[in-house]
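Take 39 as the starting number for the sequence shown in the numbering used here and just add one per residue. C-beta atoms are modelled at their ideal positions from N, C-alpha and C, and glycine is treated no differently. Treat the numbers as computed from the prediction; the structure is a model and nothing was measured. Down below is the structure, laid out as structure tokens.
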Amino acid sequence: MNGQAWTLGAWLWEWYQIYKVPNLAPYSLRNIEQMIRLHIPETLKRLPLAELTAYGIEKELVKLGKTRTAVYARQVLFSALAKAERLGFISRNIMEAVEKVRYKKQRGKALSISEQTEFLRALEKSRYKWLMLFYLHTGVRRTEALTLEWRDVDYDGRVILIRGTKTEESFRYIPLTDDVAAILEGQRKQNKKERAKKHPRGRYADAPPSVVFPYGREPVSRAFKALCPAHHLHDLRHTFITRCAESGVNVTVCQQIVGHTTADMTLNVYTHVMDEFKRKELAKFTINPKF
């Protein structure tokens with residue numbers, strides 16, 4: 039086969055199955071699988087290997103922003119295309135000409151109460167209503183929700199297994215509250231309705247039936263931006279932590295739910311919330327109180 043016979047998407051999965059599955063630990067395989075399925079843009083995956091250009095790849099990767107996801111996407115593409123070059127499918131690894139992504143960590147910004155109210159109002163007519171509500175009520179990461187499966191939801195034990203995006207050590211259980219259970223039930227009904235509408239025989243092309251939220255990363259990001267232009271999707275995670283702080287939820291409990299590796303990461307948000315609260319309270323102060 040040559041660079042015209044393989045599309046990037048087909049080659050990525052072939053490379054994953056033949057060269058990665060036999061040699062890597064489960065958590066590493068999960069990271070690569072998620073990267074190929076959720077983050078490598080479909081516009082690139084449809085192209086033959088021989089038609090990939092550095093400009094075209096950079097144009098798509100820039101949409102991922104200066105994030106760790108963009109950095110890892112470049113690494114996966116580089117490795118897969120390097121193997122294709124060694125096998126003679128392409129004459130050169132085009133990723134050598136693609137500029138490295140400079141990861142810039144962004145500080146999260148929670149939605150204010152008024153922004154949250156407006157966001158919830160806008161959600162009512164959105165296809166992604168239940169997914170966005172799930173983010174708001176659990177604080178999970180984007181990919182953690184998009185890879186959640188029904189087998190991970192334990193209705194009897196009232197917990198949800200969140201399979202962390204990094205290592206098996208980042209797997210964690212979060213409480214299945216009544217609100218979250220209602221959200222999942224809403225999503226289940228929506229999935230059933232959409233499958234019946236798209237495929238009368240029950241087949242659903244977007245994702246296997248085992249997936250709770252059968253959506254791709256890009257459509258979800260675009261939908262959120264349309265609903266809440268002033269924020270990034272990750273800000274819903276920050277919003278959850280902020281609401282926990284405002285509600286008096288124990289910081290250690292919040293840390294365990296969101297999967298922060300250290301308490302400092304959660305405390306930074308809690309401290310910021312308390313500083314804001316103190317500023318608002320002190321604004322009531324007057325040197326000449328009227329009794």
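Check your understanding: Are the CB atoms of alanine 135 and isoleucine 128 nearer to each other than 7 Å?
Key -> A distance of 7 Å or more separates the beta carbons of alanine 135 and isoleucine 128.
Check your understanding: Which term fits glycine 297, buried or exposed, when burial requires 16 or more other beta carbons within 10 angstroms of its beta carbon?
Key -> It counts as buried.
Practice item. Please report the Cβ distance between leucine 169 and tyrosine 253, rounded to the nearest whole angstrom; I am assuming they are in contact, meaning their Cβ atoms lie under 8 Å. Key: Yes, leucine 169 and tyrosine 253 are in contact; Cβ-Cβ is about 7 Å, under 8 Å.
Review point. Alpha carbon to alpha carbon, how far is lysine 163 from leucine 265?
Key: Cα-Cα distance, rounded: 10 Å.
Check your understanding: Buried or exposed: where does tyrosine 193 fall if 16 or more other Cβ atoms within 10 Å of its Cβ makes it buried?
Key -> Note on tyrosine 193: under 16 other CB atoms within 10 angstroms of its CB, so exposed under the neighbour-count rule.
Exercise for review: Tell me whether proline 64 is buried or exposed, calling it buried when 16 or more other Cβ atoms sit within 10 Å of its Cβ.
Suggested key: Proline 64 is exposed by the Cβ-count criterion.
**Study point:** Opening and closing residue of the beta strand (DSSP E) in which proline 213 lies
**Key:** For proline 213, the enclosing beta strand (DSSP E) has its first and last residue at 210-213.
Practice item. Compute the Euclidean distance between the alpha carbons of arginine 189 and serine 248, then round it to the nearest angstrom. Key: Each residue's Cα considered, the two are about 7 Å apart.
Practice item. Buried or exposed for tyrosine 93, please, with buried defined as at least 16 other CB atoms from any protein chain shown within 10 angstroms of its CB. Key: Exposed, because fewer than 16 other Cβ atoms sit within 10 Å of the Cβ of tyrosine 93.
Practice item. Report the residue from Gln293, Thr309, Leu149, Lys227 whose alpha carbon sits nearest the alpha carbon of proline 267. Key: Measuring from the Cα of proline 267, the nearest candidate turns out to be Leu149.
Practice item. Mind the definition here: the stretch 270-288 touches the stretch 304-317 only if three or more C-beta pairs lie below 8 Å; say whether that holds. Key: When Cβ pairs closer than 8 Å are counted between the two stretches, the stretch 270-288 is seen to touch the stretch 304-317, the count reaching three or more.
Point to revise | glutamate 89 burial status per 10 Å Cβ neighbour count (16 or more: buried) | key: Exposed, by the Cβ-count rule.
Point to revise | Own chain partners of glycine 177 with C-beta closer than 7 Å, once the 5 adjacent residues on each side are dropped | key: If we look at glycine 177 and ignore the five residues flanking it on each side, its Cβ neighbours are Arg275, Phe278, Ile279, Ile295, Val296.
Check your understanding: Which stretch, first to last residue, makes up the alpha helix (DSSP H) that contains arginine 291?
Key -> The displayed chain sequence assigns valine, not arginine, to residue 291. Valine 291 -> alpha helix (DSSP H) spans 289-296.
Practice item. State buried or exposed for glutamate 314, treating a residue as buried only when at least 16 other CB atoms are found within 10 Å of its CB. Key: Classification of glutamate 314: exposed, given that the 10 Å Cβ count is below 16.
Check your understanding: Across which residues does DSSP place aspartate 190 in a beta bridge pair?
Key -> Paired residue(s): none; aspartate 190 is not in a bridge.
Exercise for review: Could you name the residues of the same chain whose beta carbon sits closer than 6 Å to that of leucine 50, not counting the 5 residues immediately before and after it, in chain order?
Suggested key: Answer for leucine 50: Ile74, Ala118, listed in chain order.
Check your understanding: In this structure, does DSSP put isoleucine 128 in helix, strand or coil?
Key -> In the structure shown, isoleucine 128 sits in coil (DSSP, three-state: anything other than H, G, I, E or B).
Point to revise | Beta-carbon gap between aspartate 273 and lysine 147 smaller than 7 Å | key: In terms of Cβ geometry, aspartate 273 and lysine 147 form a close pair [threshold 7 Å].
Practice item. Could you tell me how far apart the beta carbons of valine 191 and leucine 222 are, in whole angstroms, since I believe they sit closer than 8 Å? Key: Correct: roughly 6 Å between the Cβ atoms.
Exercise for review: Determine, using beta carbons only, whether leucine 115 and alanine 108 come nearer to each other than 7 Å.
Suggested key: No, Cβ-Cβ distance for leucine 115 and alanine 108 is not below 7 Å.
Review point. With distances taken from CA atoms, which of Arg179, Ala43, Arg84 is nearest isoleucine 212?
Key: Selected option, being the one with the closest Cα: Arg179.
Check your understanding: Taking the alpha helix (DSSP H) that valine 258 falls in, what are its first and last residues?
Key -> Per DSSP, valine 258 belongs to the alpha helix (DSSP H) from 255-265.
Check your understanding: Distance, Cα to Cα, alanine 111 vs lysine 138?
Key -> Answer to the nearest angstrom: the Cα atoms are 11 Å apart.
Review point. Quick one, which of Gly47, Ile95, Glu52 has its alpha-carbon nearest leucine 125's?
Key: For the residues Gly47, Ile95, Glu52, the minimum Cα distance to leucine 125 belongs to Glu52.
Review point. For glutamine 113 and chain C, any beta-carbon pair shorter than 7 Å?
Key: Here chain C cannot be found, since the structure has a single protein chain.
Review point. Hey, quick one: how far does the alpha helix (DSSP H) through isoleucine 279 stretch, first residue to last?
Key: In the DSSP annotation of this structure, the continuous segment of the alpha helix (DSSP H) that includes isoleucine 279 starts and ends at 273-285.
Check your understanding: Short check: CB of threonine 299 to CB of valine 289, under 7 Å?
Key -> 7 Å or more divides the Cβ of threonine 299 from the Cβ of valine 289.
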